[in-house]
Structures are given as C-alpha cells and as structure tokens.
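Protein chains in written order, with the numbering used here: chain A, 258 to 516; chain B, 128 to 449. Positions of the beta carbon are idealized from the N, C-alpha and C atoms, including for glycine.
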Ligand SMILES: Nc1ncnc2c1ncn2[C@@H]1O[C@H](COP(=O)(O)OP(=O)(O)O)[C@@H](O)[C@H]1O
Ligand SMILES: [Mg+2]
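Set out below in structure tokens:
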C-alpha cells in the first residue's frame, strides 16, 4: 500500500510546479492587461483588487451565507441526481424494453437546455431549495445514467455466468458483480456530474432565489455595481467546483485506482 | 519461502489436508439430453446424449472443436436447461444452477477487484455463510491448492496457473459432490499443464468428488480419467466410451507405458474421422452461406463491436439476441 502510494506522492509534487507556474503567468498577464489597457476596475479589476475584495468579503461575513447555500444545493442536488440516475441506469442496462420506452424522453430531456427549463421549474416549485434540487437532478442525471448503463452493459458475461453457477440472486448479481465491475465507468460519470451540479445550482439561483453565489453575482452586478465582488464570488465558485472535482477524483482513486 | 517460487510448488500442503473433510462423490446420469440453440445462429448441439458417472469417477469428454462439450457441461451443471431429456444427480433432477455442482471454466473468471481469498469466499458470501465459517473454509481451501501465501493478492498479480488454482478452490467452496472442469489448463504451457494435471489428481483423491472434465488432449484424458467419452461433431452424440484401467495413484512417469499408448490409440481411432476436416468444412459452409469466398471470415458490423452502445446512439443497430 505504502509502496504504491509513494510514487503517487512524488508524481503529485512533480505536477505542482507547472501548475504554480501557469497560475503565475496567468496572474501576470491579467495584471498587464489591466495596466496597459487602463480599464476602470468596474470593467476589469486587476488580480490584486479581486484578491483584496475576496478576503474582505470572507472576513466581513458577506460571502459565507451565499457560499453555504450554494454548496448545500450542489451537494444535495448531486446526491439526489446521482441516486436517481444510478437506479435508472441499472434498470436501463438490464431491460431493453425500458431503454426503448424511456430513451426518447432521456434524449429530449438532455437536448433541452436546462437554462430554458429553469424559469418553468421556478414557476412550479418556487425559488427555494427544492427547485434547485430538481434542476441539479435534471442536469446530473444524463451523464451518470448513461455511464452506469454503458458500464453495466459491458460487464463480462462470463463473470455473470460464474456468479449464476453459484446461484447468485438478481440482487446479488447487481450488487456483487455488475455495480463493482462498472464502478470505474460510474465514477467517471459522477466526476462529470459533480461539475454539472455546480452549473445546475447557479442556473437555479438565476431563475430566482435570495441567497447563493449566483444570486450574489447578480446583486454585485445589478444593484451594488461592485465588479470586484462579482469576481470574488466567481472565484469562490471556481474554487468550490475545483475542490469538489478533486474530492471526486480522490474517491475514484481510492475505490478503483488499484485495479 | 521465496514467494516467486510458490506457484511452482505442490498444490497441497499436508498440514492443510489433514483438516480437509472429503465429500461423497455424486452419482450422475444424463438421460437422452438434447439441445438446440435458437436465435441468430440456430444450431443443433446435443443429440440424445446419455452419460452415467459413478460416485468418485473421473470422466473425460473429448471431441472436435465446437461439438458441444462446453454446452454439455453447462447442462450437467444446470446452467442451461435441456430441450428434452434430463440430468439426475444422486437420483434428484437438476433444475437450475445446482448446489451439488462446482464449475471451473476455461478461464479463471475471478473478480479482478477482489483478493484471491475474497474470490474463494465469494460463493460462501452468496450463500450467506457466517464470517467465521467463511474464514475457516477459505483457509482450508487455500491450503488445499497451496495458495495460503497468496491469499491477499489480486488476480492481476498472479500467474495464469495460480489464478486457475484460485478458481478451483472457489469451485470447491460449497463442498460440491460433482466438479465440472472445462479445459481448465488449456491456457498453460505443456509442462506446467502436466504438473497441474498431476496436482488435480492429488486434489481429487483428497476431496472425493466425481469429476467431469473436458479436454482437447488425448494423453491428458487418458492420464486423468477412469473413462474417456468420445463425442461426435455437432450435434454431439456419444461415439465411444473407453475405460482406462490404469492403477491409481497415477504418476506422470507411468504415461510412457505400452498400455497408455494403446489406450490413446484407441481414443484417437474413434476421433480420427471427426476432427480438423469437419471444422474446416463447417467454416466453409458458413462463409458460403454469407456469400463470401472460402477462408474469408464475415466482418463484424460496427455496432456489434461496442456491446454497451445504447440503442439511441445507433438506431440502425440490428436486433441482437438478448
Ligand atoms: N449461447 C449460444 N448461442 C448460440 N450458439 C451457441 C451458444 N453457445 C454455443 N453455441 C454453439 O454451439 C456449438 C457448441 O459449442 P460449445 O459447447 O462451446 O463447443 P465446444 O465443444 O467447443 O465446447 C458451437 O457451434 C457454438 O457456436
Ligand atoms: Mg468449449
């Protein structure tokens, strides 16, 4: 275990400095553009202005409630969407009839932009947490369900026959063969899903709501004319998305990295 | 002990075997078993096959490629129902995957995400055994096949032969009285294979199961079996049954005796007009039916190469058998 982890740590260390370098270059170019163009900070604030606003917004307690609202929406929405998608994916994988019956709706749901559906969902379910969860579920559903279905469909049939020879029940075949065998594919779908859940939460907040980072961005632009705050909220959102993605990646490594 | 040397040592350690309690071998009868596959590629595979296996007997099935040996094994184990006829184990009909039967497939079919020990425990977990009972049994079984040191290893890190030992231990997990082996060592090189056959016999002496074994090798069949059953090309019928009256325990050194040679010749005589030519003819017939010149194998359609592709990604995919 430790022998397997050590080269991983070294690889991580080796991958840190290019990231630091590219970040530094990005910040310098950003500052240069601001410097050379002479844009006012309500059009394009520089990195130092944004950093200062970011720290102040967190320090004076302005950011926290919006951040926690959005994080809650993302986590609950992702959980709900994933569970629904997992169950549906397993059902679709096991029954061609279910696939035939449901696939037109799945494709239609995926082809219709969630952004366009959000106002309708806000109209029906209000502007509280529930409507955000529905939007997250809608947007998370497709990639997770498809990944689950494709993963389970491509499980080695010979393993299924082996399990059957030991009289495995359908439930045992799902839980002990199909889902574990499809886990790499499912986790790949979840990794896409978590970033989509962030998008879903923001889209939901734009369609209506009184708290959340999407709401804060709207307020900063529309009523406060505080562009640095907008950037600070954006940065918070980006950090949230990246962190969640990395957490999913770590879970994935832990669960299927050794295969 | 050097762990890399471990696969080369004998399958069983005496300490482990003292604790091992043998089962009563099954009495197996197949009565007029016939079977045809329907669907995309219909095929008449088994034609009124009769077999009877005495308790503790080792029977080798031998026959040309594609004649239905694996299918017959599946019917004996209850994995596929026969169209007509029936299989009886100790007088009780086989109606589905049967607790009295353990199957070792041609490939090890281990769960790659689990350790060797967890793979051996798999049937016990399905059967709902207690943790303590699982632990005791899997320890006995791993000892029986000489793999105690490898209990925590993943299949991916084990050699092909070692994996097949794990599969054998797993097949024995629920104390079957009939062991079915489908060309179990065919992926191994000739020398390793001889050694594994000798070890299989020692294992059989300890476990007491009846064995039905499919093989492509005449010497292997003669070395292992009490009786060699020669099957015809598809649809499989029993062409001949040749008793092998060699004393047991058998050693690889006995394999060069005149008696063994004459038995092997006897088996070959029954196989002679059935093997390679018939396979070539069957392939030519299939190619002709598909409108292709001989020797050209029909190309697979794109959609068939991706079994997991959802239907709506490819509405033109032909309806396959499910
Ligand atoms: N599930 C199946 N559906 C249709 N045909 C099958 C199926 N399984 C096997 N067959 C056909 O039955 C014949 C016998 O197969 P098998 O029992 O695997 O032969 P072998 O003697 O080589 O083990 C072959 O021609 C094979 O193509
Ligand atoms: Mg076969």
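- A Cβ-Cβ contact shorter than 9 Å links residue 211 (chain B) with residue 159 (chain B).
- Taking C-beta separations shorter than 8 Å and ignoring five residues to either side along the sequence, the partners of residue 303 (chain A) in its chain run 287, 288, 291, 292, following chain order.
- For residue 158 (chain B), the enclosing beta strand (DSSP E) stretches over residues 155 to 164.
- For residue 265 (chain B), the uninterrupted alpha helix (DSSP H) run begins and ends at 258 to 271, by DSSP.
- Comparing C-alpha distances from residue 394 (chain B) to each of B:331, B:182, B:368, B:179 shows the shortest one belongs to B:368.
- Taken through DSSP and simplified to helix, strand or coil, residue 277 (chain B) comes out as helix.
- Between the stretch 332 to 340 of chain A and the stretch 445 to 455 of chain A there are three or more inter-stretch CB-CB distances shorter than 8 Å, so the stretches are counted as touching.
- Less than 9 Å separates the beta-carbon of residue 364 (chain B) from that of residue 176 (chain B).
- A Cβ-Cβ contact shorter than 9 Å links residue 305 (chain B) with residue 336 (chain B).
- Listed by position along chain A, the residues whose Cβ is nearer than 8 Å to that of residue 226 (chain B) are 424.
- Residue 479 (chain A) has no beta-bridge partner at all, per DSSP.
- Closer than 8 Å to some heavy atom of ligand 2: that describes the Cβ of residue 233 (chain B).
- Counting only the Cα atoms, residue 303 (chain B) lies some 28 Å from residue 164 (chain B).
- Look at residue 250 (chain B): its C-beta is under 9 Å from a C-beta on chain A.
- Look at residue 435 (chain A): its beta carbon is at least 8 Å from all of the heavy atoms in ligand 2.
- Where residue 430 (chain A) is concerned, there is no enclosing beta strand (DSSP E), because DSSP gives it neither an H nor an E.
- Residue burial annotation: residue 428 (chain A) is exposed, with fewer than 16 other C-beta atoms found within 10 angstroms of its C-beta.
- Checking the 8 Å criterion, the Cβ of residue 190 (chain B) is within range of a heavy atom belonging to ligand 1.
- Closest in C-alpha terms to residue 392 (chain B), from the list B:377, B:290, B:349, comes B:349.
- Counting of Cβ neighbours within 10 angstroms places residue 361 (chain B) among the buried residues, the total reaching 16 or more.
- Secondary structure note for residue 369 (chain B): its beta strand (DSSP E) is the uninterrupted segment 365 to 370.
- Within the stretch 318 to 372 of chain B, the beta strand (DSSP E) runs of at least 3 residues that lie entirely inside it are, in chain order, 337 to 341, 354 to 358, 365 to 370.
- One alpha carbon belongs to residue 348 (chain A), the other to residue 409 (chain A), and they sit about 10 Å apart.
- In the DSSP assignment, residue 284 (chain A) forms no beta bridge with any residue.
- Judged by the Cβ position, residue 199 (chain B) qualifies as a neighbour of ligand 1 at the 8 Å threshold, a heavy atom of the ligand being closer than this.
- In the three-state reduction of the DSSP assignment, residue 290 (chain B) falls in the helix class.
- Residue burial annotation: residue 219 (chain B) is exposed, with fewer than 16 other C-beta atoms found within 10 angstroms of its C-beta.
- In this structure, residue 413 (chain A) has its beta carbon at no less than 8 Å from each heavy atom of ligand 1.
- With contact defined as three or more Cβ pairs closer than 8 Å, the stretch 394 to 411 of chain A and the stretch 468 to 479 of chain A are not in contact.
- Proximity of residue 188 (chain B) to chain A, defined by a Cβ-Cβ separation below 9 Å, is not satisfied.
- In the DSSP annotation of this structure, the continuous segment of the alpha helix (DSSP H) that includes residue 452 (chain A) starts and ends at 436 to 463.
- With fewer than 16 other Cβ atoms inside 10 Å of its own Cβ, residue 300 (chain A) counts as exposed.
- Of all residues in the stretch 255 to 280 of chain B, none is placed with a Cβ closer than 9 Å to any Cβ belonging to chain A.
- Rounded to the nearest whole angstrom, the CA to CA distance from residue 436 (chain A) to residue 353 (chain A) is 18 Å.
- The continuous beta strand (DSSP E) containing residue 177 (chain B) extends over residues 170 to 180.
- From the beta-carbon of residue 418 (chain A), the residues of chain B found nearer than 7 Å are 206.
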